[in-house]
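Here is the structure we will look at, set down as structure tokens.
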Amino acid sequence: MKNSVILKSFPNGILIILDGTISFQELLADIAAKFREADGFFKDASVAISIEGRELTEEQEREILDAITQNSRLKILCLMGKDEEKNLKFLGVQNKLNFQNDENSGQFYRGTLKDGASIETEHSIIILGDVCEGSCVYSNKDIVVLGTLTGDVYAGAGGNSNHFVVALNMLPGVLQIGDYVYNSQPQKTPRWGFKKPQTVPKIAYTHNGEVQIESITKELLDNFTL
42 MKNSVILKSF PNGILIILDG TISFQELLAD IAAKFREADG FFKDASVAIS
92 IEGRELTEEQ EREILDAITQ NSRLKILCLM GKDEEKNLKF LGVQNKLNFQ
142 NDENSGQFYR GTLKDGASIE TEHSIIILGD VCEGSCVYSN KDIVVLGTLT
192 GDVYAGAGGN SNHFVVALNM LPGVLQIGDY VYNSQPQKTP RWGFKKPQTV
242 PKIAYTHNGE VQIESITKEL LDNFTL
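When the letters of the sequence shown are read in order and numbered with our numbering, they come out as residues 42 to 267.
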């Protein structure tokens, strides 16, 4: 293994520095071994993961997350990218909204929900992937999508509107919280050019009998109440 995988702790997370010269499969084995060795140190902490040292595809990132969870007791909150401000916003949501992620009150789903797939849970859920058009998520509590949301989501499915939905890219088909349904606006297509719109983390919640969607800002988190 040598120094092909280096782990460094930072507040709320672990930085993984990878060797950029060896094969990915060899690196994956080294990651698994490294986290097995460190299991007694990290225990069952809830952390964000940041990766540096080499370019990775989305599939390779998922394989790394799988290797970590299969060889440790860590609960992964999210995979942090290079956008530090965006990363801090998600960690702010985690801390400010007191999202519960222990085994008794919350759960994780790692992967993309494709057309026809669905998840139903009585607990809050963090999805490490996209929720695609034609897929559904039903939760009696809160829903956090660490990816693009174009499918249907139902938070507070038991009728409680004091819950929320968070997504990195919020483009839902149907979004319902408790008994309130969000009236989505059709996306405008620019007449010229194909510039990809900027991705901004957003939160959906109920206020005065309506579902509102807002960009996640420090001011919003500081004043947010349910």
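Glycine included, each C-beta is placed from N, C-alpha and C at the ideal position.
Here the structure is a predicted model, which means the values were calculated and not measured.
| query | If you draw a straight line from the C-alpha of Ile-244 to the C-alpha of Tyr-150, how long is it? | reply | 19 Å
| field | Segment limits, beta strand (DSSP E) that includes Thr-189 | value | 184-190
| query | Considering Glu-255, what are the terminal residues of the beta strand (DSSP E) in which it resides? | reply | 251-256
| field | Burial state of Val-206, where buried means 16 or more other Cβ atoms lie within 10 Å | value | buried
| Nearest to Arg-77 by alpha carbon, out of Ser-202, Glu-104 and Ile-109? | Ile-109
| field | Extent of the continuous alpha helix (DSSP H) run through Gly-214 | value | Element bounds for Gly-214: n/a, residue is neither H nor E.
| query | Do the CB positions of Ala-89 and Asn-53 come within less than 8 Å of each other? | reply | yes
| query | By Cβ distance below 7 Å, which residues in the same chain neighbour Phe-83 in space, the five residues on each side in sequence not counted? | reply | Ser-113 and Leu-115
| field | Phe-76: first and last residue of the uninterrupted alpha helix (DSSP H) it sits in | value | 65-78
| task | Using three-state DSSP, classify Thr-110 as helix, strand or coil. | result | helix
| field | Three-way DSSP call (helix, strand, coil) for Gly-175 in this model | value | coil
| query | Is it buried or exposed for Gly-170, if we count other Cβ within 10 angstroms and need 16 for buried? | reply | buried
| request: Ignore the nearest five residues each way along the sequence and tell me which others in Leu-69's own chain have a CB closer than 8 Å to its CB. | output: Glu-104, Ile-105 and Ala-108
| Around the Cβ of Thr-247, are there at least 16 other Cβ atoms within 10 angstroms (buried) or fewer (exposed)? | buried
| query | When the Cα of Gly-175 is compared with those of Ile-168, Ile-167 and Leu-154, which residue comes out closest? | reply | Leu-154
| query | At what residues does the beta strand (DSSP E) containing Val-194 begin and finish? | reply | 193-196
| task | Kindly list the residues whose CB is nearer than 7 Å to the CB of Gln-148, restricted to its own chain and excluding five residues on each side of it in sequence; keep chain order. | result | Thr-162, His-164 and Ile-166
| request: State the DSSP-derived secondary structure class of Arg-103, mapped to helix, strand or coil. | output: helix
| request: Ignore the nearest five residues each way along the sequence and tell me which others in Gln-101's own chain have a CB closer than 8 Å to its CB. | output: Phe-65
| query | Quick one, are the C-beta atoms of Ala-196 and Ile-218 less than 8 Å apart? | reply | yes
| request: For Val-241, I'd like the list of residues in its chain whose CB is within less than 7 Å of its CB, leaving aside the five on either flank, ordered along the chain. | output: Ser-256
| task | State the DSSP-derived secondary structure class of Gly-81, mapped to helix, strand or coil. | result | helix
| Between Val-185 and the rest of its own chain, which residues show a CB-CB distance below 6 Å, the 5 nearest in sequence each way excluded? | Ile-167 and Val-207
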